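Chemist:
Residue numbers (the working numbering), protein chains in the order written: chain R, 4 to 330; chain V, 696 to 1181.
#1: Please report how far the alpha carbon of residue 234 of chain R lies from the alpha carbon of residue 178 of chain R, in whole angstroms.
#2: Is the separation between the beta-carbon of residue 103 of chain R and that of residue 159 of chain R shorter than 8 Å?
#3: Write down every uninterrupted run of the alpha helix (DSSP H) in the stretch 975-1008 of chain V whose length is 4 residues or greater and which is fully enclosed by it, in chain order.
#4: Rounded to whole angstroms, how far is the Cβ of residue 1133 of chain V from the Cβ of residue 798 of chain V, which I believe are closer than 8 Å?
#5: So residue 4 of chain R contacts chain V; which residues on that side make the cut at Cβ distance below 7 Å?
#6: Taking Cβ positions only, does residue 113 of chain R come closer than 8 Å to chain V?
#7: Any idea if residue 264 of chain R is buried or exposed, counting beta-carbon neighbours within 10 angstroms, 16 or more meaning buried?
#8: At which residues does the beta strand (DSSP E) containing residue 971 of chain V begin and terminate?
#9: Contact check, residue 851 of chain V vs residue 1108 of chain V under 8 Å by CB: the rounded distance?
#10: Where does residue 24 of chain R fall in DSSP's three states?
#11: In its own chain, which residues sit with a C-beta less than 8 Å from the C-beta of residue 838 of chain V, not counting the 5 before and 5 after it?
#12: The ligand ATP and residue 50 of chain R: does any heavy atom of the ligand fall closer than 7 Å to the residue's C-beta?
#13: I need the straight-line Cα distance from residue 1038 of chain V to residue 1070 of chain V, nearest angstrom please.
#14: List in chain order: all unbroken alpha helix (DSSP H) runs of 4+ residues lying wholly within the stretch 94-143 of chain R.
#15: According to DSSP, residue 855 of chain V sits in a beta bridge with which residue or residues?
#16: Contact between the stretch 875-884 of chain V and the stretch 966-986 of chain V: three or more CB pairs below 8 Å?
#17: Could you check if residue 218 of chain R is buried or exposed, using at least 16 other CB atoms within 10 Å of its CB as the buried criterion?
#18: Cα separation between residue 259 of chain R and residue 197 of chain R?
#19: Run through DSSP, which three-state label would residue 711 of chain V get?
#20: In its own chain, which residues sit with a C-beta less than 7 Å from the C-beta of residue 230 of chain R, not counting the 5 before and 5 after it?
#21: Tell me the rounded alpha-carbon separation between residue 737 of chain V and residue 1115 of chain V.
#22: Who are residue 1102 of chain V's beta bridge partners in DSSP?
#23: Which residue wins for smallest C-alpha separation from residue 51 of chain R, given the options R:34, R:35, R:84, R:9?
#24: Looking at the structure shown, is residue 822 of chain V part of a helix, part of a strand, or coil, going by DSSP?
#25: Is it right to say residue 295 of chain R is buried, meaning 16 or more other beta carbons lie within 10 angstroms of its own, or is it exposed?
#26: Taking the beta strand (DSSP E) that residue 285 of chain R falls in, what are its first and last residues?
#27: How is the beta strand (DSSP E) around residue 775 of chain V delimited, first residue to last?
#28: I want to see whether chain R comes within less than 8 Å of residue 996 of chain V, judged by CB atoms only; does it?
#29: Short of 6 Å in beta carbon distance, which residues of its chain neighbour residue 1094 of chain V, apart from the five on each side in sequence? Order them along the chain.
#30: Roughly how many whole angstroms lie between the Cα atoms of residue 870 of chain V and residue 933 of chain V?
#31: Quick one: is residue 1020 of chain V near chain R, going by C-beta distance under 8 Å?
#32: Which stretch, first to last residue, makes up the alpha helix (DSSP H) that contains residue 1168 of chain V?
#33: Using a C-beta to C-beta distance shorter than 8 Å, which residues of chain R count as neighbours of residue 1195 of chain V?
#34: What distance in whole Å lies between the Cβ atoms of residue 894 of chain V and residue 872 of chain V, which are believed to be in contact at a cut-off of 8 Å?
#35: Go ahead and label residue 272 of chain R buried or exposed: buried means 16 or more other beta carbons lie within 10 angstroms of its beta carbon, across all protein chains shown.
#36: Can you say whether residue 944 of chain V is buried or exposed, counting buried as having 16 or more other CB atoms within 10 angstroms of its CB?
Structure below.
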């Protein structure tokens, strides 16, 4: 497979996954608005802080109202990490490989993009944000389903899976981190109904609440973190995502599991091993935020390794340089 | 929808006789139209447009809101070509392509046609698309021009003329295939009844044509489509053809010349490429031999090509044979190489580099269509009767300054075909671009792109100038009149 084509499939899948996760991200907040009585203004300010682009936001929008923040994260074409920008990039990547992917995939990316760029999108976002984000999530799922059902599960598909699961691992870690940014627990809240509702919101935004309850029944911070980091079966847990990514990587190269023939395999294999032999006690010893921070940095290095191993037989295109991993 | 009010406006109409009754080959179509309920045709037009939009066959509209996308305008009333007309077109195109290939091989090698005084040497050597780099070249199987899209028009008398030979990288065939897909769904019964000849095996035939060029010893040659990239206006077509043929679509940056062969960069290292269907102009294919600053091509490609280690379709240098001044000599070229009379005539052409012609052109700018010899897409063109005094004067200056760069032709009464305008049909001018493949033999795709000038009264059919397209139905003669459109 052409390096450029593999690169486009990888990024197409990442951007589709990323768009979905921005929706999940915003969802944490929307859930909290429903579950708790909170000052609406206080509630949205941290969503901007998390992005690291606070100054940019202030300049363009001023106040962090719900309307402004939703627009910023969703429909702002000028903002590099909004849903619409992700889908724009997903579609441009898909356009470059539409002869490689199935027509169903291309047509869906196309419709998906038209869904957020169409004239009705702004009104829908403003008046029915839940519906809007649900549709974004559903559209991404639909894409993955179409890919799985219409695209041969060969090298190209595995590059897509690799991109998808690395992106998902990264974003699940960020959704966990939301708790640190937005909901920095005041000591007196810990263990209260209030605290539990916040953790429940985190789980919900990862579509994990029901599956979590089957494992642990009651909500405790340690168990939530354990579930989203280490669960072997839940498809959005970080462990599960890395495992899928690693499997796809080995299918691409044909190298037996547990060994490595290139930098990408070595880096991802090592990160997987760390996760395999880590536990929740270690996480809290390090501090959740620092642990996640370190994980994200290592995941970025894995991304670089993939780039150098498979795609870099040519000059670095701008797209990859700005293919951000920071949120 | 009412057809009684249709006015042919004194033009030759593709679907209606002069008295406003439908032509025999179009009769079954209109019978189906008549059986449809009020508003049904408009609804099918909208459904067809939605299908094209959904398939992503769109282009971005510049200068409007970001992200505004439109489909290439498409009218669902097909243009119908009778079996008899098609027979002439097919024979005429085969003859023409055969002769033009012999001409190309001759002028880049022995130049007999020049030595014999049939074509003036200065006309060939002064052409900006004559490529010194191609002298002495003998392309695989002796074929230069593998893919051609010849523009035909019909004049008021119903006679087909060749308007332009497009021998470089003619585009549009993907629209032929996509329009057909959409129209088969739009009018399934009429399609069936008319026994329309199929176009669907074009990608297969194209792949056979390409593989025919590969070095003979190879069992399983690797063919690729080379595109300038997603920002090219024909990118959709490059991608579509690669997909339909199941071969890689590559950009210049994916290819590299190593050890005397062309390779593509893959996730598993380098892989050899044997045939390149290139959709990049000559000037850009190899920075070592053509434009040095080209970012789109492959350095060293031409040398590999000369060594016979890679095949290119079309061969570089074919542009000289569709130069609009050389065009005027095609009937003589056919006579010289094939000793045959031309089957599809040229539009009479005045060559401005010839003094007598030039004076005639300058004296009659208000009656003629003037064209720059190397432009396409409707650019560099003056339609005398419709032009302002200023632009006529401007062209007069340009012609005097560089006569070799211009030719002129009489303004033709281009034939028209009906298009849907709101709730009725109106006539619009059309042309026809059939596609021809030259591999083991010469194949003319039964159909082609009918381009239509959607602006009322306009004669310019190019998509960049407000043109749209129609499906072209070549009917096989026998007509089945049973059944009604569902």
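By construction, the Cβ of each residue, glycine as well, lies at the ideal position given by its N, Cα and C atoms. Predicted model only: the values in this text are computed from it and were never measured.
Modeler: Looking at the coordinates:
#1: Position 231 of the first chain, counted from the start, is the residue given in the question as residue 234 of chain R. Position 175 of the first chain, counted from the start, is the residue given in the question as residue 178 of chain R. If you take the alpha carbons of residue 234 of chain R and residue 178 of chain R, they lie about 16 Å apart.
#2: Locating residue 103 of chain R in the first chain gives position 100, counting from the first residue. Locating residue 159 of chain R in the first chain gives position 156, counting from the first residue. When the beta-carbon positions are compared, residue 103 of chain R and residue 159 of chain R come within less than 8 Å of each other.
#3: Counting whole runs of 4 or more residues, the stretch 975-1008 of chain V contains the alpha helix (DSSP H) stretches 977-980, 996-1001.
#4: Here residue 1133 of chain V corresponds to residue number 438 of the second chain, with the count starting at 1. Here residue 798 of chain V corresponds to residue number 103 of the second chain, with the count starting at 1. Contact check for residue 1133 of chain V and residue 798 of chain V: beta-carbon distance about 13 Å, past the 8 Å limit, so the pair fails to qualify.
#5: Counting from one through the first chain, the residue named residue 4 of chain R turns up at place 1. Within chain V, the residues whose beta carbon sits less than 7 Å from that of residue 4 of chain R are 961, 962, listed in sequence order.
#6: The residue given as residue 113 of chain R occupies position 110 in the first chain. Residue 113 of chain R belongs to the set of residues whose beta carbon lies under 8 Å from a beta carbon in chain V.
#7: Residue mapping note: residue 264 of chain R aligns to position 261 of the first chain, counting from 1. Classification for residue 264 of chain R: exposed.
#8: Residue mapping note: residue 971 of chain V aligns to position 276 of the second chain, counting from 1. Per DSSP, the continuous beta strand (DSSP E) segment holding residue 971 of chain V begins and ends at 970-973.
#9: Counting from one through the second chain, the residue named residue 851 of chain V turns up at place 156. Counting from one through the second chain, the residue named residue 1108 of chain V turns up at place 413. Yes, they are in contact, since the Cβ atoms of residue 851 of chain V and residue 1108 of chain V sit about 4 Å apart, within 8 Å.
#10: Within the first chain, residue 24 of chain R is the residue found at index 21, counting from 1. DSSP, read as helix, strand or coil, puts residue 24 of chain R in helix.
#11: Translated into positions along the second chain, residue 838 of chain V becomes position 143. Around residue 838 of chain V: 796, 908, 1010, 1133, 1134.
#12: The ligand content of the structure shown is nil, which means the ligand ATP is not present either.
#13: For the purposes of this step, residue 1038 of chain V is taken as the residue at position 343 of the second chain. For the purposes of this step, residue 1070 of chain V is taken as the residue at position 375 of the second chain. Residue 1038 of chain V and residue 1070 of chain V: Cα-Cα distance of roughly 26 Å.
#14: Secondary structure in the stretch 94-143 of chain R: the alpha helix (DSSP H) runs of 4 residues or longer, each lying completely within the stretch, are 106-120, 124-130 in chain order.
#15: Here residue 855 of chain V refers to the residue found at position 160 when the second chain is read from its first residue. In the DSSP output, where bridge partners are listed per residue, residue 855 of chain V has V:849.
#16: With contact defined as three or more Cβ pairs closer than 8 Å, the stretch 875-884 of chain V and the stretch 966-986 of chain V are not in contact.
#17: Position 215 of the first chain, counted from the first residue, corresponds to residue 218 of chain R. Residue 218 of chain R sits exposed, since fewer than 16 C-beta atoms from the chains shown fall within 10 Å of its C-beta.
#18: In the first chain, counting from the first residue as 1, residue 259 of chain R sits at position 256. In the first chain, counting from the first residue as 1, residue 197 of chain R sits at position 194. In a straight line, the C-alpha of residue 259 of chain R is about 48 Å away from that of residue 197 of chain R.
#19: As a position in the second chain, residue 711 of chain V is number 16, starting the count at 1. Reduced to three states, the DSSP call for residue 711 of chain V is strand.
#20: Translated into the one-based positions of the first chain, residue 230 of chain R becomes position 227. Excluding the 5 residues flanking it on each side, residue 230 of chain R has same chain C-beta neighbours closer than 7 Å at 211, 215, 218, 219, 237, 240, in chain order.
#21: Position 42 of the second chain, counted from the start, is the residue given in the question as residue 737 of chain V. Position 420 of the second chain, counted from the start, is the residue given in the question as residue 1115 of chain V. Their Cα atoms are separated by approximately 8 Å.
#22: For the purposes of this step, residue 1102 of chain V is taken as the residue at position 407 of the second chain. Answer by DSSP bridge pairing, in chain order: V:1046, V:1066.
#23: Against the first chain, residue 51 of chain R aligns to sequence position 48. Here the closest residue by C-alpha is R:84.
#24: Within the second chain, numbered from 1, the residue matching residue 822 of chain V stands at position 127. Looking at residue 822 of chain V - three-state DSSP - the assignment turns out to be coil, as it is neither helix nor strand.
#25: Working through the first chain from its first residue, we reach residue 295 of chain R at position 292. Burial call: buried.
#26: Here residue 285 of chain R refers to the residue found at position 282 of the first chain. Careful: residue 285 of chain R lies outside any beta strand (DSSP E), inside the alpha helix (DSSP H) at 283-289.
#27: If you number the second chain from 1, residue 775 of chain V lands on position 80. 769-776 is the extent of the beta strand (DSSP E) around residue 775 of chain V.
#28: One-based indexing of the second chain puts residue 996 of chain V at position 301. Judged by the 8 Å Cβ criterion, residue 996 of chain V is not in contact with chain R.
#29: On the second chain, position 399 is the one that residue 1094 of chain V refers to. Sequence-distant partners of residue 1094 of chain V (beyond 5 residues in either direction) whose C-beta falls short of 6 Å from its own C-beta, in its chain, are 1047, 1101.
#30: For the purposes of this step, residue 870 of chain V is taken as residue 175 along the second chain, with counting starting at 1. For the purposes of this step, residue 933 of chain V is taken as residue 238 along the second chain, with counting starting at 1. Spanning the alpha carbons of residue 870 of chain V and residue 933 of chain V requires a straight line of approximately 12 Å.
#31: By 1-based counting over the second chain, the position of residue 1020 of chain V is 325. With 8 Å as the cut-off, residue 1020 of chain V does not count as an interface residue toward chain R.
#32: By one-based count along the second chain, residue 1168 of chain V stands at place 473. Segment 1162-1169 is the beta strand (DSSP E) holding residue 1168 of chain V; no alpha helix (DSSP H) there.
#33: As shown, chain V starts at 696 and ends at 1181. That puts residue 1195 of chain V outside it, with no answer to give.
#34: In the second chain, residue 872 of chain V corresponds to position 177, counting from 1. In the second chain, residue 894 of chain V corresponds to position 199, counting from 1. About 6 Å separates the two Cβ atoms, so the contact holds.
#35: Mapped onto the first chain, residue 272 of chain R falls at position 269. So residue 272 of chain R counts as buried.
#36: What you label residue 944 of chain V is simply residue 249 of the second chain in a count that begins at 1. Classification for residue 944 of chain V: buried.
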